[in-house]
Amino acid sequence: MAEAGSFADKVKQQADIVRVVGEYVRLKKTGKDFSGLCPFHQEKTPSFTVSPTKQIFYCFGCGKGGDVYNFIMEMEKCEFPDAVRVVAEKCGIAIPRQKERSPEERKENQQRTLLVEMHREAQSFFVKQLEGTLEGKAARAYLEDRGIDKDAIARFGIGYAPSGGDPLLRNLKSKYNEKLLVDSGLVSRDQSSGRFFDRFRRRITFPISNESGKIVAFGCRALGDDQPKYLNSPETPIYSKSNVLYHMDRAKEGIRREDFAILVEGYMDAIAVARAGISNVVASCGTSLADSQIKLLGRFTRRVIVNYDPDAAGQSATERSLSLLLEQDFEVRVLALPPVGDKKADPDLFIREKGKDAYLKLLKEAPPYVDYLIARARQMDLTTGEGKRHAVNFLLPYVQKIPNRILRSEWATRIAQQLRLEEPVLRAALSKAAAERRSELKIQPELMGRSAKPVERLLIRMLAEAEGFRRELAQQLQNARLYHGLETEKIFAALVLASLAGQPLQATEVAAVLDERDRRLLFEILFEEANEPTWEEAMSCIEALQNRQAERELADVQRSIESNPTAPEMRGLLEKKQELMRRLAAAR
Ligand SMILES: [Zn+2]
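Offset between the sequence shown (1-based) and our numbering: plus 151.
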């Protein structure tokens, strides 16, 4: 782990766990700590807590806890060295050259760096083509026609890939080898002739950035009638379409601030909405939403308004996304834009024709997803039994995904009313569906309920926090064997050992030697609200433990007396009993 003086230790000292965790979880200040919805289990009320003073986190729901590295390892599913690297990067701390990395890793890393660099060069190439060429002028005219002016072009880095066949390739060829060029997805290879050529030709280019704002791919729209209309970068070592949401790098702040995200289909839609001054918009980019995209979104908010195209493809994309979002416990609303004139309106067209205020108004009024779905079901033929069955089958899977039983039941009633169905029949169908669902997560009894008496809790906290006297306290506890036999004995033993070592406490290292129940209890205690501990308090806690020790001894002595020992022993026992009783009486 983070050994004292190591690079990992230095990074940990400079890193602020609240800031690092805050990039993944919306944190709210509660007292001296911060809390938010746990990213490791699904919940509706926050039980995930971060302590800026102790630089640790703990979830009272699922029991995950630790330091900033434990958090990153869990979150990014990576090993310790990678977690150190991630935290260092986030905090802008230069990473010393790693000699221990395997040659393959180094090579892959190098390749990724080069690919990012190549995308940056391609980007400036495309931008220049749009600005300064004859072909680019036609592209500019097209964009202008779609309402995208100079400002928007600059703001979203829109460019143009010319028709020549290999102008970009010629630009990149001198700097990058063939394999890398093909790996980038910017260049294709003709199967029969083996010749290389530009993947994107005669297309408007939209740079796609990853979450940290680095261009990793392009989405391109044909300028003429070329097919396909939209062509994107393929999967590459730096780009996986299911991990990226268009505009996420710029939407993050707005999403966090507004506590909801608007999800649209294409980059033109995202651009139109963002230009209307609504920055918390992301696009899934043609593909239907993927699990990892939802996870990415979930780091910033649990509320989404889905605003896909109103055509059939958009509707089914909406419905697919709905299922996925509901599974991940998102609160979802759906904005289905009304037609503009006789045209079905996507966000781009709607805002262009009706203006941003009209859009904002509809956004505010966007109904919960179930209303949207009921409206869809009502468009089906409900005059026949067959039609009704069809409508119910359409709705059931969504209702099933509502995690809350009461809500589920409320929706069942509403659906029955709206579709004029007999409620008992619908409920029967629902519970049948529910029965087929995976049963709820069972709480593991062995992980629950280790408790500690207030005195023990207080002492544990002092051993962890009271820099002024924790060493002395540890000494006293150890000398008098005061914690032996307590339920919390193991926690005490670990903390005493750490305190006697005379170094600042590393809660995670102490936790590492404990079993699961003790580890949880330790974290829970560390997150209790409490005043600065004093030595007087410590002494009265010690006294309380001494008394408890005396009570235990007294009970032992009493048992021995009752088991009828021989006379000489009896005398000693009686004396001992007297002494213990005196001590206890004095304490009261
Ligand atoms: Zn949790």
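Ideal placement from N, C-alpha and C gives every residue a C-beta, glycine not left out.
What would DSSP say about residue i, mapped onto helix, strand or coil?
i	result
D376	coil
R340	strand
K179	strand
D300	coil
F678	coil
V395	coil
T534	coil
P247	coil
N383	strand
I359	strand
T200	strand
R306	helix
F545	helix
I594	Residue confidence for I594 is low, a pLDDT of 29 falling below 50, so the modelled location carries little weight; the figure read from the coordinates is stated next. Three-state result, I594: coil.
P415	The sequence shown places Val at residue 415, not Pro. V415: strand per DSSP, three-state reduction.
D349	strand
P318	helix
A368	strand
S650	helix
Y209	strand
Y327	coil
D184	strand
A658	helix
M599	At M599 the pLDDT is 37, less than 50, meaning the model places this residue with poor confidence and gives no usable figure here.
G428	coil
Looking at residue j and residue i, is the spacing between their C-beta atoms short of 8 angstroms?
i	j	result
R353	P385	no
L609	E688	yes
A402	V367	no
I525	I566	yes
A496	P518	no
P247	G308	no
F351	D341	no
F451	I413	no
P740	D300	Nothing about residue 740 can be reported from this structure: the residues present for the chain run from 152 to 739 only.
L735	A701	yes
L500	K539	no
L323	Q262	no
V169	P203	yes
A563	V550	yes
Give me, in chain order, the residues of the same chain whose beta-carbon lies closer than 6 angstroms to that of residue i; leave out the 5 immediate sequence neighbours on both sides.
i	result
M224	A234
A737	none
M721	none
V176	G187 and P190
M732	none
L696	L633
A425	V432
R671	G214
E574	A567
D669	K641 and I642
Between which residues of its own chain and residue i is the CB-CB distance below 7 angstroms, once the five residues before and five after are set aside?
i	result
E194	L188 and G212
L476	I445, V455 and V483
G310	Q274, F277, V278, Q280, L281 and T356
G465	E416 and Y459
G364	D400
Y523	V485 and A487
K380	R372 and A373
Q627	I693
L513	L486 and L488
E607	L637 and T639
Would you please state the rounded distance, in angstroms, between the beta carbons of residue i and residue j? I believe it to be under 8 angstroms.
i	j	result
V485	T469	6 angstroms
L581	L614	At roughly 53 angstroms, the Cβ-Cβ gap does not stay under 8 angstroms, so L581 and L614 are not in contact.
K641	L665	6 angstroms
G217	I207	6 angstroms
L570	A528	6 angstroms
L651	A625	5 angstroms
A617	P719	In fact, because the Cβ distance is near 46 angstroms, the residues do not count as touching under 8 angstroms.
Y397	A421	5 angstroms
V457	L447	Not confirmed; about 16 angstroms, so no contact.
Does chain C have any CB closer than 8 angstroms to the CB of residue i?
i	result
A425	Structure shown: chain C not included; a single protein chain is present.
Looking only at its chain, what residues have a beta carbon closer than 8 angstroms to the beta carbon of residue i, apart from the 5 residues adjacent to it on each side?
i	result
Y293	I355 and L374
L724	V708, S711, I712 and P716
L511	A427 and I429
E240	I246
In chain order, which continuous runs of the beta strand (DSSP E) of length 3 or greater are located wholly inside the segment 431-510?
432-434, 454-458 and 482-485
Jot down the residue ranges of each uninterrupted beta strand (DSSP E) in the segment 681-725, minimum 3 residues, whole runs only, in chain order.
none
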